[in-house]
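Presented below is the structure to which this report refers.
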Amino acid sequence: MPFLKKLSISKIRNLDLVSLELSKGFNIIYGENGSGKTSLLESIYLLGRAKTFRSNAKTPIIQNHADECVIYGELDEGQKLGFSRHRSGNQKVLINSEKASSRAELAQILPLQMLNSDAFKILEGGPGIRRAFLDWGVFHVERQFLSHWRHAQKALLNRNSLLKSKLIKQDEVSAWTHELCQYAVLVDSCRSDYVIRLQDALGGMLESLLSLGDFSLSYYKGWDPSHSLDKILADSMQKDIKLGFTSAGPHRADLKIKIGKDFASEVLSRGQQKLLVIAMKLAQAKVLKQSTAIGCIFLVDDLPAELDSSNKAKVLAILSELGGQIFITGIDKDPLYEPLQKEKEIKLFHVEHGKISAV
Ligand SMILES: Nc1ncnc2c1ncn2[C@@H]1O[C@H](COP(=O)(O)OP(=O)(O)OP(=O)(O)O)[C@@H](O)[C@H]1O
Ligand SMILES: [Mg+2]
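Going by numbering that gives the first Met the number 0, the sequence shown opens with residue 0, and the numbers climb by one from there.
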């Protein structure tokens with residue numbers, strides 16, 4: 000189970016200089032509004048994903064008046080991760096002092112799961128958000144997936160740019176269409192295998208978290224499953240030329256999350272939606288652990304919001320059972336600490352005006 004043993008942060012938002020020895024189990028981070036709790040989670044996320052979960056803007060993470068922010072992390076197995084970003088836009092991502100070759104290499108080392116108020120977007124946002132959720136799981140569990148996905152993506156981009164050009168070169172379009180179809184089948188096969196495992200794990204999670212009656216999570220591959228993608232793309236050629244992009248394929252895949260005939264986002268209460276999304280992410284962690292014996296690192300921002308104390312306790316119990324490393328924030332210590340008092344691996348951190356101290 001990978002876990003972060005040490006973490007140092009310099010000049011991320013209001014965190015000036017932070018150096019922490021972490022628990023391999025629960026890390027409770029508490030403090031007033033604006034003290035720097037989310038910034039600590041954001042720093043871990045930057046270390047594992049080389050981007051922030053807050054916005055697309057690049058500079059706000061660097062502390063006002065500073066030129067550069069730096070994060071450094073050490074894992075139990077000895078790997079060292081480094082991230083720095085300069086106000087000029089220069090960014091460095093290091094794994095064991097060497098430049099990381101891709102985000103995927105980084106993600107492989109630090110499998111992060113984020114639980115915050117944005118989690119709702121999985122239910123109410125567009126298909127891209129659900130695809131990202133799905134592919135996170137497939138990527139960590141199916142070894143070949145990334146390579147298949149990259150091939151399919153390259154073929155798609157090339158096909159789209161040909162469709163947009165004024166003079167359509169049929170043979171080139173055909174070649175990329177062929178390539179796209181070939182890899183689409185492989186991407187789809189990884190995704191559909193994964194969804195079966197996910198459905199199974201999710202069933203168990205929902206049993207212990209919330210009963211939703213006629214719940215279903217189903218997978219749409221991105222094209223009509225009763226025909227081959229080859230045939231569909233051949234039939235839609237004129238339409239695709241008019242649109243200037245490929246109208247069917249693995250880039251249109253989605254997860255349909257429903258209660259009976261209705262989408263979950265339309266009928267569930269806010270708290271139920273939050274629990275459902277938590278259950279989905281916990282199910283992903285369970286599948287990861289079952290298939291690879293790797294534990295997720297959970298970043299849980301403000302869990303008490305919108306959850307009653309019994310549900311909060313249930314979520315904490317499942318997190319504990321999954322056995323990964325958990326970072327969890329809250330305004331007050333007690334609502335988080337009390338249900339976890341019996342945990343062996345637990346550390347408390349108090350955040351005050353950008354300073355973090357172990358309690
Ligand atoms: N670039 C920056 N430089 C300095 N301070 C910043 C920067 N960006 C944000 N901040 C400040 O950092 C502080 C910490 O923000 P953060 O979101 O981490 O707080 P928090 O403890 O999670 O609060 P809450 O309980 O309200 O969620 C805020 O006061 C914010 O205004
Ligand atoms: Mg916060």
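Backbone N, C-alpha and C fix where the C-beta goes; we use that ideal spot for every residue, glycine too. Since this is a predicted model, take the numbers as computed values, not measurements.
Looking at residue j and residue i, is the spacing between their C-beta atoms short of 7 Å?
{"i": "Ala-252", "j": "Arg-142", "result": "no"}
{"i": "Phe-52", "j": "Ile-70", "result": "no"}
{"i": "Gly-329", "j": "Tyr-29", "result": "yes"}
{"i": "Leu-298", "j": "Phe-262", "result": "no"}
{"i": "Arg-86", "j": "Ile-61", "result": "yes"}
{"i": "Ile-345", "j": "Gly-24", "result": "yes"}
{"i": "Leu-133", "j": "Leu-216", "result": "no"}
{"i": "Ile-296", "j": "Leu-287", "result": "no"}
{"i": "Leu-74", "j": "Pro-1", "result": "yes"}
{"i": "Ile-27", "j": "Tyr-219", "result": "no"}
{"i": "Arg-190", "j": "Thr-245", "result": "no"}
Give the DSSP-derived three-state secondary structure of residue i in the structure shown.
{"i": "Thr-245", "result": "coil"}
{"i": "Leu-232", "result": "helix"}
{"i": "Asp-261", "result": "strand"}
{"i": "Asn-26", "result": "strand"}
{"i": "Ser-42", "result": "helix"}
{"i": "Asp-300", "result": "coil"}
{"i": "Glu-344", "result": "coil"}
{"i": "Ser-225", "result": "coil"}
{"i": "Lys-91", "result": "strand"}
{"i": "Leu-155", "result": "helix"}
{"i": "Ser-207", "result": "helix"}
{"i": "Arg-149", "result": "helix"}
{"i": "Ser-34", "result": "coil"}
{"i": "Ile-60", "result": "coil"}
What are the boundary residues of the alpha helix (DSSP H) that residue i is part of?
{"i": "Phe-326", "result": "Counting along the chain, Phe-326 falls outside any alpha helix (DSSP H), though it belongs to the beta strand (DSSP E) covering 324 to 329."}
{"i": "Asp-134", "result": "126 to 140"}
{"i": "Ile-121", "result": "120 to 123"}
{"i": "Lys-288", "result": "269 to 291"}
{"i": "Leu-335", "result": "333 to 336"}
{"i": "Glu-320", "result": "308 to 321"}
Count the other CB atoms, across all protein chains shown, that sit within 10 Å of the CB of residue i; report buried if there are 16 or more and exposed otherwise.
{"i": "Glu-351", "result": "exposed"}
{"i": "Glu-31", "result": "exposed"}
{"i": "His-250", "result": "buried"}
{"i": "Ala-247", "result": "buried"}
{"i": "Pro-224", "result": "exposed"}
{"i": "Ala-56", "result": "exposed"}
{"i": "Ala-278", "result": "buried"}
{"i": "Gln-283", "result": "buried"}
{"i": "Ala-357", "result": "exposed"}
{"i": "Asp-307", "result": "exposed"}
{"i": "Arg-269", "result": "exposed"}
{"i": "Thr-291", "result": "exposed"}
{"i": "Glu-41", "result": "buried"}
Between which two residues does the beta strand (DSSP E) containing residue i stretch?
{"i": "Asp-253", "result": "253 to 258"}
{"i": "Ala-357", "result": "354 to 357"}
{"i": "Leu-166", "result": "Note, Leu-166: premise wrong, no beta strand (DSSP E); not H, not E."}
{"i": "Ser-9", "result": "3 to 11"}
{"i": "Met-113", "result": "111 to 114"}
{"i": "Glu-20", "result": "14 to 20"}
{"i": "Glu-104", "result": "Unbroken run through Glu-104 is the alpha helix (DSSP H), 102 to 108; no beta strand (DSSP E)."}
{"i": "Gly-70", "result": "The sequence shown places Ile at residue 70, rather than the Gly named in the question. Run containing Ile-70: 67 to 74, per the beta strand (DSSP E) assignment."}
Tell me, please, whether the segment 201 to 209 touches the segment 175 to 185 by the rule of three or more beta-carbon pairs shorter than 8 Å. no
Count the CB pairs spanning the segment 36 to 50 and the segment 90 to 102 that are closer than 8 Å, and state whether there are at least three. yes
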